[in-house]
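FYI, in our numbering the residues of the sequence shown are 15 to 144. Just so it is clear, CB atoms sit at the ideal spot from N, CA and C, and this is done for glycine as well. Take a look at the structure set out below.
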Amino acid sequence: MKNLPNIALYAFGGFCTLQAISFLLFIESIVPYVFNTTPEGLEIAVLMHYAIAPLFLMMGLVAFFATTFELESKRKVILAVIIGYVPLFVVFNYFMGLEVMNAGVETYILDIICFFLGIIAYLSSSKQSN
């Protein structure tokens with residue numbers, strides 16, 4: 015599948031960009047459903063999401079721009095995303111065990127899909143680069 019790296023990069027880019035936009039526009043209404051904590055804790059969660067929204071926007075734009083790269087550079091961007099997901103899944107696992115979080119596997123399903131799409135795109139594109 016020649017276009018699989020681009021499909022993965024568009025998925026990463028779209029997901030990260032949409033997360034950034036949703037954090038900026040809707041996080042104050044989302045946080046009370048995700049966190050079981052005091053009003054001060056909710057405020058910290060909102061501020062944290064406002065702070066990381068630009069990071070998600072940067073990641074999304076990098077993924078979109080990477081669709082124009084040569085194959086080997088696309089593979090490196092995809093590999094960076096795959097590597098980044100590993101510690102993220104460790105954190106997600108920790109979050110699911112906390113009483114303060116209303117988070118289950120369903121909360122992270124899009125991340126899981128992007129992770130496996132990245133692995134498939136990375137491995138399938140290795141055949142093309144040889």
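Query: Collapsed DSSP secondary structure at Phe78 in the structure displayed; Result: helix
Query: C-beta atoms of Gly98 and Gly27 nearer than 8 Å; Result: no
Query: Separation of Ile44 from Glu54, as counted between CA atoms; Result: 15 Å
Query: Every unbroken alpha helix (DSSP H) within the stretch 18 to 64, with a cutoff of 4 residues, ordered by chain; Result: 18 to 48
Query: Residue from Gln33, Glu86, Lys16, Glu113 with nearest C-alpha to Phe49; Result: Glu113
Query: Tyr64 burial status per 10 Å Cβ neighbour count (16 or more: buried); Result: exposed
Query: Per-residue burial, Ser87 [other beta carbons within 10 Å of its own, 16 or more giving buried]; Result: exposed
Query: Residue(s) in a DSSP beta bridge with Met115; Result: Phe49
Query: Coil, strand or helix - Glu86 by DSSP; Result: helix
Query: Sequence-distant residues of the same chain with beta carbon closer than 6 Å to Ala135, five excluded per side; Result: Leu18, Pro19, Ala22, Ile92
Query: Residue burial classification, Leu2 (beta-carbon count within 10 angstroms, cutoff 16); Result: With the chain represented from 15 up to 144, any question about residue 2 goes unanswered, as that position is not in the structure.
Query: Nearest-angstrom Cβ-Cβ length linking Leu124 and Phe37, presumed shorter than 8 Å; Result: In fact, because the Cβ distance is near 14 Å, the residues do not count as touching under 8 Å.
Query: Buried/exposed call for Val5, threshold 16 Cβ in 10 Å; Result: With the chain covering only 15 through 144, there is no way to say anything about residue 5.
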